[in-house]
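Working notes, structure below.
Protein chains: 2
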Amino acid sequence: MAIIECIPNVSEGRRLDVVTRMADAIRAVAGVRLLDVSSDPSHNRSVFTLAGDAAGVEAAVLALFERAVADIDLRTHRGEHPRLGAVDVVPFVPIDGVTMADCVQLAKKVGREVADRFKVPIYLYEDASDNPARKNLEDIRRGEFEGLTAKMTSAGWAPDFGPAAPHASAGASVIGARMALIAYNINLATDRLDVAKKIAAGIRHSSGGFRFVKAAGFKLEDRGIVQVSMNLTNYEKTPIFRVFETVKREAARYGVAVLESEIVGLIPSAALMSAAEFYLQIEGFKPDQVLENKLRLET
Amino acid sequence: MAIIECIPNVSEGRRLDVVTRMADAIRAVAGVRLLDVSSDPSHNRSVFTLAGDAAGVEAAVLALFERAVADIDLRTHRGEHPRLGAVDVVPFVPIDGVTMADCVQLAKKVGREVADRFKVPIYLYEDASDNPARKNLEDIRRGEFEGLTAKMTSAGWAPDFGPAAPHASAGASVIGARMALIAYNINLATDRLDVAKKIAAGIRHSSGGFRFVKAAGFKLEDRGIVQVSMNLTNYEKTPIFRVFETVKREAARYGVAVLESEIVGLIPSAALMSAAEFYLQIEGFKPDQVLENKLRLET
Numbered sequence: 056m057a058i059i060e061c062i063p064n065v066s067e068g069r070r071l072d073v074v075t076r077m078a079d080a081i082r083a084v085a086g087v088r089l090l091d092v093s094s095d096p097s098h099n100r101s102v103f104t105l106a107g108d109a110a111g112v113e114a115a116v117l118a119l120f121e122r123a124v125a126d127i128d129l130r131t132h133r134g135e136h137p138r139l140g141a142v143d144v145v146p147f148v149p150i151d152g153v154t155m156a157d158c159v160q161l162a163k164k165v166g167r168e169v170a171d172r173f174k175v176p177i178y179l180y181e182d183a184s185d186n187p188a189r190k191n192l193e194d195i196r197r198g199e200f201e202g203l204t205a206k207m208t209s210a211g212w213a214p215d216f217g218p219a220a221p222h223a224s225a226g227a228s229v230i231g232a233r234m235a236l237i238a239y240n241i242n243l244a245t246d247r248l249d250v251a252k253k254i255a256a257g258i259r260h261s262s263g264g265f266r267f268v269k270a271a272g273f274k275l276e277d278r279g280i281v282q283v284s285m286n287l288t289n290y291e292k293t294p295i296f297r298v299f300e301t302v303k304r305e306a307a308r309y310g311v312a313v314l315e316s317e318i319v320g321l322i323p324s325a326a327l328m329s330a331a332e333f334y335l336q337i338e339g340f341k342p343d344q345v346l347e348n349k350l351r352l353e354t
Numbered sequence: 056m057a058i059i060e061c062i063p064n065v066s067e068g069r070r071l072d073v074v075t076r077m078a079d080a081i082r083a084v085a086g087v088r089l090l091d092v093s094s095d096p097s098h099n100r101s102v103f104t105l106a107g108d109a110a111g112v113e114a115a116v117l118a119l120f121e122r123a124v125a126d127i128d129l130r131t132h133r134g135e136h137p138r139l140g141a142v143d144v145v146p147f148v149p150i151d152g153v154t155m156a157d158c159v160q161l162a163k164k165v166g167r168e169v170a171d172r173f174k175v176p177i178y179l180y181e182d183a184s185d186n187p188a189r190k191n192l193e194d195i196r197r198g199e200f201e202g203l204t205a206k207m208t209s210a211g212w213a214p215d216f217g218p219a220a221p222h223a224s225a226g227a228s229v230i231g232a233r234m235a236l237i238a239y240n241i242n243l244a245t246d247r248l249d250v251a252k253k254i255a256a257g258i259r260h261s262s263g264g265f266r267f268v269k270a271a272g273f274k275l276e277d278r279g280i281v282q283v284s285m286n287l288t289n290y291e292k293t294p295i296f297r298v299f300e301t302v303k304r305e306a307a308r309y310g311v312a313v314l315e316s317e318i319v320g321l322i323p324s325a326a327l328m329s330a331a332e333f334y335l336q337i338e339g340f341k342p343d344q345v346l347e348n349k350l351r352l353e354t
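Chains as they are written, first to last, in my numbering: chain A, 56 to 354; chain B, 56 to 354.
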């Protein structure tokens with residue numbers, strides 16, 4: 056069975072009755088499962104994690120927009136997190152039995168539908184955008200809801216779908232397709248923050264490291280250790296084991312050992328399987344040798 | 056959802072129409088999936104791999120017995136593989152959301168039912184047997200079908216369920232519960248068979264090695280290398296990474312490197328996940344952080 060993950064970020068994290076109504080709207084859709092809802096009052100934002108087949112996630116996103124556009128007004132919304140719209144960002148992520156191309160197609164289809172039904176302008180992002188200047192979420196969101204009217208009339212910022220001006224209360228939405236993001240931290244057996252920062256700088260893309268790694272060094276004050284905190288944005292092209300081994304090697308150069316690593320939140324099975332294959336030097340392994348995969352494939 | 060794997064071994068590997076009828080009987084059962092059928096003419100034996108919930112695998116095993124008892128006659132059966140009965144061995148294996156105790160209970164229930172309905176004597180084995188002398192399949196099967204009448208009347212060999220003498224054509228069956236068995240080979244970058252044999256002797260239980268490892272050294276003539284060929288009979292208690300690391304270390308003592316390893320057939324997801332956790336030093340990881348597991352758990 057095809058599995059697509061979808062993680063809509065919505066601009067409401069304080070009125071929990073509103074969040075509950077949106078969650079209920081998703082749960083009422085067949086062919087999709089709501090795996091997690093996480094609300095942050097200071098960000099005034101909620102993140103829904105859902106998964107299902109293409110038809111299921113499509114219907115769930117439309118149901119979510121219907122509630123969010125009715126219940127959220129960006130003109131009175133305040134919070135720490137930057138945002139453009141009521142449903143702020145909607146990424147589709149290929150998990151199993153679907154390609155990135157499938158998710159790109161789905162993002163465009165849902166974007167067009169949302170624009171038609173709710174009169175909300177849509178920007179495509181990441182793999183769903185063909186425009187290099189409009190792949191990065193931060194670039195699209197710069198200026199936020201308050202600057203949206205001006206931005207939309209400036210050169211290069213007409214939306215991909217929908218009206219040429221923001222929805223009065225719901226702003227605009229960013230919809231796209233991307234690889235699953237893995238939040239991965241490596242804790243070092245030292246309190247030397249400079250070591251964590253140097254390693255982070257060495258492995259992250261922005262300063263010359265791996266293409267699909269974002270990284271920063273932090274101190275974990277309560278434990279007296281430091282952490283290299285990472286987002287792995289494409290575990291197929293920059294696999295977790297290569298990042299781990301590189302951090303371990305760079306730490307050793309400072310006489311520092313890796314204490315442990317941790318995966319925050321969800322991880323696709325394939326990301327861990329590839330680590331097992333690498334370290335055990337397994338040749339010729341096929342995913343359908345995993346009993347559970349075989350069961351799912353033949354559903 | 057609970058998943059139990061069941062791998063009935065049947066004494067027919069030549070008359071493929073008979074094998075097909077047995078496969079069809081399993082496929083007709085709801086709540087179970089037939090994952091693989093593999094027939095060996097020289098052994099004159101077929102292995103069915105199926106998986107499902109307890110009610111599903113139970114119904115499938117009963118449907119298989121019905122066909123096998125009707126179609127197979129051990130009095131005329133010849134083949135290289137030792138066997139006691141038409142349905143020779145039926146192991147139940149816990150895969151996900153079930154315990155070994157659940158599988159032991161299921162083995163006893165199915166054993167009792169088979170004995171009642173088909174008048175076939177049943178021996179319990181492995182974890183389903185409380186008798187240390189009757190845990191090992193080889194011990195139960197010694198003497199084969201031809202020696203069964205004599206064996207069943209000798210001290211200590213009354214069956215666990217069913218008649219005190221063999222079924223005239225279907226013999227007796229061995230039913231039990233065990234951990235998933237992983238067929239795992241490590242190929243060494245050398246043609247020195249003595250190295251493979253010494254390593255195999257070092258890691259296998261029978262000569263002082265790990266509790267749940269069976270191992271032998273072989274030459275792969277066509278490739279000019281040697282192989283340590285293993286069965287891992289409990290991947291929770293003797294995990295695959297510990298076996299791999301030990302073989303690698305012992306090979307290094309002879310100046311030999313590990314070329315690659317291979318997994319033959321199916322492997323439960325958890326066996327590979329534990330290797331990823333070990334090598335990446337992941338702390339506090341929970342199975343429901345794997346996206347696919349979370350989807351299955353909430354079915």
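Virtual Cβ for every residue (Gly too), placed ideally from N, Cα, C.
Asked, Found
"Three-state secondary structure (DSSP) of G202/B", "helix"
"Closest residue to A325/B among R308/B, V281/B, E317/B, F296/B (Cα-Cα distance)", "F296/B"
"M328/B beta carbon less than 8 Å from that of L327/A", "yes"
"N-terminal and C-terminal residue of the alpha helix (DSSP H) that I15/A is part of", "The displayed coordinates of chain A run from 56 to 354. Any statement about residue 15/A would go beyond what the structure contains."
"Residue span of the alpha helix (DSSP H) that contains A223/B, given as start and end", "Careful: A223/B lies outside any alpha helix (DSSP H) and carries neither H nor E."
"Cα-Cα separation, G107/B to Y239/B", "24 Å"
"Residues bridged to K269/A [DSSP beta-bridge criterion]", "N286/A"
"Residue range of the unbroken beta strand (DSSP E) whose run includes R88/A", "87–95"
"Enclosing alpha helix (DSSP H) for Y309/B [first to last residue]", "Y309/B -> no alpha helix (DSSP H), and no H or E assigned at all."
"Chain-order list of residues whose beta-carbon lies under 6 Å from that of S97/B (same chain, five-residue window excluded)", "E135"
"Counterpart residues of R100/A in DSSP-defined beta bridges", "D95/A"
"DSSP beta-bridge partners of C61/B", "L105/B, F147/B"
"Rounded straight-line distance, which links the Cα of A251/A to that of G257/A", "10 Å"
"Segment limits, alpha helix (DSSP H) that includes I81/B", "71–82"
"Euclidean distance between Cα positions of L192/A and A225/A", "18 Å"
"Close beta carbons around E332/B, own chain, < 8 Å, minus the five adjacent residues each side", "F340"
"C-alpha distance - F173/A paired with F120/A, whole-angstrom precision", "8 Å"
"Simplified DSSP state of L314/B, which is helix, strand or coil", "strand"
"Exposure of E60/B, with buried meaning 16 or more beta-carbon neighbours within 10 Å", "buried"
"Where the beta strand (DSSP E) through I127/A begins and ends", "From DSSP, I127/A is part of no beta strand (DSSP E); its letter is neither H nor E."
"Nearest candidate by alpha-carbon position, reference P218/A, set N99/A, P176/A, G264/A", "P176/A"
"Cβ-based neighbour list, M207/A, same chain, cut-off 8 Å, excluding 5 preceding and 5 following", "P176, A213, P214, A219, A220, P221, A227"
"Candidates A118/A, V148/A, R82/A: closest to L346/B by CA position", "V148/A"
"Backbone secondary structure at F40/A - three-state DSSP", "Residue numbering for chain A in the displayed model covers 56 to 354; residue 40/A lies beyond these limits and cannot be assessed."
"CA-to-CA distance, L179/B to A123/B, given in whole angstroms", "19 Å"
"Rounded Cβ spacing between E199/B and L161/B (contact assumed at less than 8 Å)", "Contact flag wrong, Cβ pair sits at about 27 Å."
"Straight-line Cα distance separating L243/B from L314/B", "5 Å"
"Partners in chain A for D151/B, counting only beta-carbon separations shorter than 8 Å", "E347"
"Rounded C-alpha distance that separates E291/A from M155/A", "12 Å"
"Inter-residue CB distance, V169/B and R196/B (contact presumed, cutoff 8 Å)", "Incorrect: roughly 17 Å between the Cβ atoms, too far for contact."
"Contact set between I337/B and chain A, taken where Cβ atoms lie within less than 8 Å", "E315, S316, E317, I318"
"Close beta carbons around V65/A, own chain, < 6 Å, minus the five adjacent residues each side", "S101, A123, V142"
"Distance between L90/B and G320/B (C-alpha atoms, nearest Å)", "11 Å"
"Beta-carbon spacing of I150/B, A115/B below 8 Å", "no"
"C-beta atoms of Q282/A and I318/A nearer than 8 Å", "no"
"Own chain residues within Cβ distance below 7 Å of L248/B, not counting five before or after", "G272, K274, V281"
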